[in-house]
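Below you'll find the structure, written out as structure tokens, and then a few comments.
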Amino acid sequence: MGAFFMSAKLKQAFYRQDVLTLAPALLGKLLCVKMTNGSLQKYAITEVEAYRGEEDLACHAAKGKTERTRIMYAGGGFVYVYLIYGMHWMLNMVSGEEGVPQAVLIRGVEGVNGPGRVGKRMQIDRSFYGEALWHSQRIWIEDAPPVVAYQTSPRINIAYAGAPWVHKQWRFFI
DNA sequence: ACACTGATGAAT
DNA sequence: TTCATCAGTGTT
4 MGAFFMSAKL
14 KQAFYRQDVL
24 TLAPALLGKL
34 LCVKMTNGSL
44 QKYAITEVEA
54 YRGEEDLACH
64 AAKGKTERTR
74 IMYAGGGFVY
84 VYLIYGMHWM
94 LNMVSGEEGV
104 PQAVLIRGVE
114 GVNGPGRVGK
124 RMQIDRSFYG
134 EALWHSQRIW
144 IEDAPPVVAY
154 QTSPRINIAY
164 AGAPWVHKQW
174 RFFI
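For the first sequence, our numbering assigns the number 4 to the initial residue and increments by one for each residue that follows.
Following this line, the structure appears as structure tokens:
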């Protein structure tokens, strides 16, 4: 076996890291989704945001465990999707240990900026809710060398959360 | 600056 | 069962 990088599906244990560790670790990794026509899309992740626990007032789980947020409590490795503004499907990866609601929002991939556009490009819809990333046949993430040079900023459009959450540098991008 | 769009959770 | 709100995008 040579020294070249073997493409491999990320395992459940990888997603079980704390969201503040996992979010930047997902930069550069390959988001892979099977299209309805059978083709496979692979895009490097370029922009993410971390949503961390019930105490984080910007996180949907701040309202507790509901039918919508229940998957965030299931432990890292599941897909969390939701429809926003009646139009755009947001793609998230659940992170952390079971019982601790956390998720990483995929805000951008190579050549596709904006979480709504990512959802559209990847044909994300309600049916992806709860998909297990480590063994799904239609959505997963493949490993790639870590990105060491990335930037951070406050999260986008969460002013309603107020301090200190609105100031957290929990947006990570290349 | 604003229309679009509908699921969601809180208030009635 | 009504109501305000929303982790956004495209057009004016």
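Backbone N, C-alpha and C define an ideal beta-carbon position, used for all residues, glycine too.
Can you find the residues in the same chain that come closer than 7 Å, C-beta to C-beta, to residue i, ignoring five residues on each side of it along the sequence?
i, result
"Gly187", "Any property of residue 187 remains undetermined from this structure, which presents the chain solely from 4 to 177."
Grab me the residues of residue i's own chain with a C-beta within less than 8 Å of its C-beta, minus the 5 sequence neighbours each way, in chain order.
i, result
"Gly117", "Arg110, Gly111"
"Ala11", "Glu145, Asp146"
"Leu13", "Lys32, Leu136, Trp137, Trp143, Ile144, Glu145, Asp146"
"Ala47", "Gly31, Lys32, Leu33, Leu34, Val112, Glu113, Ala147"
"Gln20", "Ala28, Gly79, Ser98, Gly99"
"Gly165", "Leu60"
Given that a residue counts as buried once 16 or more other Cβ atoms are within 10 Å of its Cβ, and exposed if not, what is residue i?
i, result
"Asn40", "exposed"
"Asp1", "Here the chain comprises residues numbered 4 to 177, so residue 1 is not present and cannot be evaluated."
"Ala162", "exposed"
"Met90", "exposed"
"Leu108", "buried"
"Tyr88", "exposed"
"Gly5", "Any answer about Gly5 is weak, because its pLDDT of 48 lies below 50 and its placement is not dependable; what the coordinates show is given next. Label assigned to Gly5: exposed."
"Met2", "Since the first residue of the chain shown is 4 and the last is 177, residue 2 is not available in this structure."
Starting from residue i, follow its DSSP beta bridges and name the residues at the other end.
i, result
"Lys12", "Glu145"
"Ser156", "Arg174"
"Gln105", "Arg55"
"Gly111", "Glu50, Asn116"
Complete alpha helix (DSSP H) runs within the segment 18-103 (minimum length 4 residues, chain order): Within the segment 18-103, the complete alpha helix (DSSP H) runs of at least 4 residues are 22-28.
Segment contact flag, the segment 149-168 with the segment 17-30, C-beta cutoff 8 Å, min 3 pairs: Note that the segment 149-168 touches the segment 17-30; at least 3 beta-carbon pairs, one per stretch, sit closer than 8 Å.
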